[in-house]
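Asker:
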Amino acid sequence: MVWCSGWKLASAVSNAGGLGLIGAGSMHPELLREHIRRCKGATASPFGVNVPLGYPQLEELWRIVEEEKVPVVFTSAGNPMLYTEKLKKAGLTVVHVVSSLKQALKAEAAGVDAIVAEGFEAGGHNGKEGTTTMVLLEMLSGRLSVPVIAAGGIVSGRGVCAALILGAEGVQMGSRFAVSEESSAHEHYKQAVLNVNDGGTAMCLTRTANIRMIRNTICERLLEAERQGVSQEILTKLAGSKRAKLGIFEGDTEEGFLEIGECAVCISEIENVKMIMERIVSEIRQVGKIWDDVFLLSEEK
Numbered sequence: 120m121v122w123c124s125g126w127k128l129a130s131a132v133s134n135a136g137g138l139g140l141i142g143a144g145s146m147h148p149e150l151l152r153e154h155i156r157r158c159k160g161a162t163a164s165p166f167g168v169n170v171p172l173g174y175p176q177l178e179e180l181w182r183i184v185e186e187e188k189v190p191v192v193f194t195s196a197g198n199p200m201l202y203t204e205k206l207k208k209a210g211l212t213v214v215h216v217v218s219s220l221k222q223a224l225k226a227e228a229a230g231v232d233a234i235v236a237e238g239f240e241a242g243g244h245n246g247k248e249g250t251t252t253m254v255l256l257e258m259l260s261g262r263l264s265v266p267v268i269a270a271g272g273i274v275s276g277r278g279v280c281a282a283l284i285l286g287a288e289g290v291q292m293g294s295r296f297a298v299s300e301e302s303s304a305h306e307h308y309k310q311a312v313l314n315v316n317d318g319g320t321a322m323c324l325t326r327t328a329n330i331r332m333i334r335n336t337i338c339e340r341l342l343e344a345e346r347q348g349v350s351q352e353i354l355t356k357l358a359g360s361k362r363a364k365l366g367i368f369e370g371d372t373e374e375g376f377l378e379i380g381e382c383a384v385c386i387s388e389i390e391n392v393k394m395i396m397e398r399i400v401s402e403i404r405q406v407g408k409i410w411d412d413v414f415l416l417s418e419e420k
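Residue numbers (the working numbering): 120 to 420.
#1: Taking just the CA atoms, how far does Ile379 sit from Ala241?
#2: For Gly167, which three-state DSSP category applies?
#3: Check Gly125 in the structure and name its three-state DSSP category.
#4: Are the region 203-217 and the region 174-194 in contact at 8 angstroms, needing three or more beta carbon pairs?
#5: Cβ atoms of Ile403 and Val279: under 9 angstroms apart, would you say?
#6: List the DSSP bridge partners of Ala270.
#7: Buried or exposed: Met200, going by 16 or more other Cβ atoms within 10 Å of its Cβ?
#8: Would you identify the three-state DSSP class for Leu138, choosing helix, strand or coil?
#9: I believe Glu237 touches Val217 by the beta-carbon criterion, under 8 angstroms. Please report the beta-carbon distance rounded to the nearest angstrom.
#10: Judging by CA-CA distance, which residue of Gly243, Thr250 and Val400 is the nearest neighbour of Ser121?
#11: Would you verify that the beta carbon of Tyr308 is, or is not, closer than 9 angstroms to some beta carbon of chain B?
#12: Decide if Pro171 is buried, meaning its Cβ has at least 16 other Cβ atoms within 10 Å, or exposed.
#13: Determine the burial state of Val413: buried for a count of at least 16 other Cβ atoms within 10 Å of its Cβ, exposed for fewer.
#14: When DSSP labels each residue in this structure, what does Arg182 get in the three-state scheme?
#15: Which one of Ala233, Arg152, Ala143 and Gly272 has the shortest CA to CA distance from Pro175?
#16: Only counting the same chain, and skipping five residues up and downstream in sequence, which positions put a Cβ closer than 7 angstroms to that of Leu338?
#17: Given this structure, state the Cα-to-Cα distance separating Thr327 from Lys408, to the nearest angstrom.
#18: May I have the straight-line CA-CA distance separating Lys127 from Arg398, to the nearest angstrom?
#19: For Ala129, which option in Met146, Ser294, Ile155 and Ala270 has the closest C-alpha, if you only look at C-alpha atoms?
#20: Closest to Cys123 by C-alpha separation, out of Asn134, Met258, Ser145 and Gly136, would be which residue?
#21: Spell out a yes or no on whether the region 359-375 and the region 276-295 are touching, meaning 3 or more CB-CB pairs, one atom from each, closer than 8 angstroms.
#22: Taking the alpha carbon of Ser219 as the reference point, which residue from Ala269, Asp232, Tyr202 and Glu179 has its own alpha carbon closest?
#23: Please state the DSSP three-state secondary structure of Ile389.
#24: Exposed or buried, Ile353, counting other C-beta atoms within 10 Å across all chains shown (16 or more means buried)?
#25: Below 8 angstroms on the Cβ atoms is my guess for Ser299 versus Ile389; work out the distance and round it to an integer in Å.
#26: Would you mind working out which of Ile234, Asn245 and Arg277 sits nearest Ser264, comparing C-alpha positions?
#27: Taking 6 angstroms as the limit between beta carbons, can you name the residues of its chain near Glu266, skipping five residues before and five after?
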């Protein structure tokens, strides 16, 4: 959610009853401090910060998170053993993102408070295992003592219910909110997401970064280079740098990385967060009513 989830989106999600997260991966430390303070001013509800553990100024970022008394930190893309204990001693709730059972067990051993189980359907950087959300949830079921939060491909209340049935205690949604009114992503990016058809996303740079994005000019160029088996050096040169910012934040829909999940095909309009959350809750209630009716019919028989 880098370039999408600043203080506006995070506070809107928290105000609507969720836990909003500020995506710190695209921010220098002092910019993150500004977003945290503005988020505090926009919501009285809890919110958190998502921190990729490969962040280049990580110690500075931790200092700001602690000084600003952010209650929750979601960590990803790194070893949870390195910082979990330190963050928990500072009074933070720590949640770590995983893509496999092995990673989940390691995160639990590190002392995290909860785990995000992110399947291969998710947008942006992905695990190399290629495990889908449903299968990952089944794998983790009964194996962990900490709560599991499902992520990847969840875009509706129906998806929330499916995740809960498979053992999750909550869900994390990125793609649906990336194209909300409050998202800081460029309007050209949001429109590109709305235009995605079946099969319109692909995994690129599978030998290194493993990034799911919309099929556009740069994506197809990279896919073709991978099919031809070019060297890692050439592939890295073709990929260039700051492509995510170019696509998501600056709106270059051909040469920028348009990172989004497979569920983009299920998103048909740009709405504000309140509307999105209300629809999700309504769908959850509808599914609940269906299950009540099923059980009632079963009992009558």
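Backbone N, C-alpha and C define an ideal beta-carbon position, used for all residues, glycine too.
Quick caveat, the model's predicted, so the values are computed rather than measured.
Answerer: Quick look at the numbers:
#1: Going from the Cα of Ala241 to the Cα of Ile379 covers about 7 angstroms.
#2: In this structure, Gly167 counts as strand in the three-state DSSP scheme.
#3: Coil.
#4: Counting Cβ pairs under 8 angstroms, three or more are found: they touch.
#5: The Cβ-Cβ distance between Val279 and Ile403 falls below 9 angstroms.
#6: DSSP, once it has assigned bridges, lists Glu237 and Gln291 as partnering Ala270.
#7: The C-beta of Met200 has fewer than 16 other C-beta atoms within 10 Å across all chains shown, which makes the residue exposed.
#8: Three-state DSSP puts Leu138 in coil, outside helix and strand.
#9: Confirmed, about 7 angstroms.
#10: Here residue 121 is Val; the residue named in the question, Ser, does not match the sequence. Restricting attention to Gly243, Thr250 and Val400, the CA atom closest to the CA of Val121 is found in Gly243.
#11: The structure shown has no chain B; it contains just one protein chain.
#12: Buried, by the Cβ-count rule.
#13: Confidence is the limiting factor: at Val413 the pLDDT is only 49, short of 50, which leaves the residue's position unreliable, though a coordinate-based value still follows. Under this definition Val413 is an exposed residue.
#14: Arg182 sits in a helix when the DSSP states are folded into three classes.
#15: Out of Ala233, Arg152, Ala143 and Gly272, Ala143 has the C-alpha closest to the C-alpha of Pro175.
#16: Residue 338 is actually Cys in this sequence, not Leu. Cβ within range, chain order: Ala321, Cys323 and Met332.
#17: Pairing Thr327 with Lys408, the inter-Cα distance amounts to about 45 angstroms.
#18: In this structure, the CA atom of Lys127 is about 20 angstroms from the CA atom of Arg398.
#19: Looking at the Cα atoms, Ile155 is the closest of the given residues.
#20: Considering only alpha carbons, the answer is Ser145.
#21: In short, these stretches do not touch, since the Cβ pair count stays below three.
#22: Check the Cα spacing between Ser219 and each of Ala269, Asp232, Tyr202 and Glu179: the tightest is with Ala269.
#23: Coil at Ile389, not helix or strand.
#24: Its Cβ having fewer than 16 others within 10 Å, Ile353 is exposed.
#25: Between Ile389 and Ser299 the Cβ distance is about 7 angstroms, and since that is below 8 angstroms, they are a contact.
#26: Comparing Cα-Cα distances from Ser264 to each of Ile234, Asn245 and Arg277, the minimum goes to Ile234.
#27: Per the sequence presented here, residue 266 reads as Pro, with Glu not at that position. Sequence-distant Cβ neighbours of Pro266 in its own chain, meaning closer than 6 angstroms and more than five residues away, are Ala233 and Glu288.
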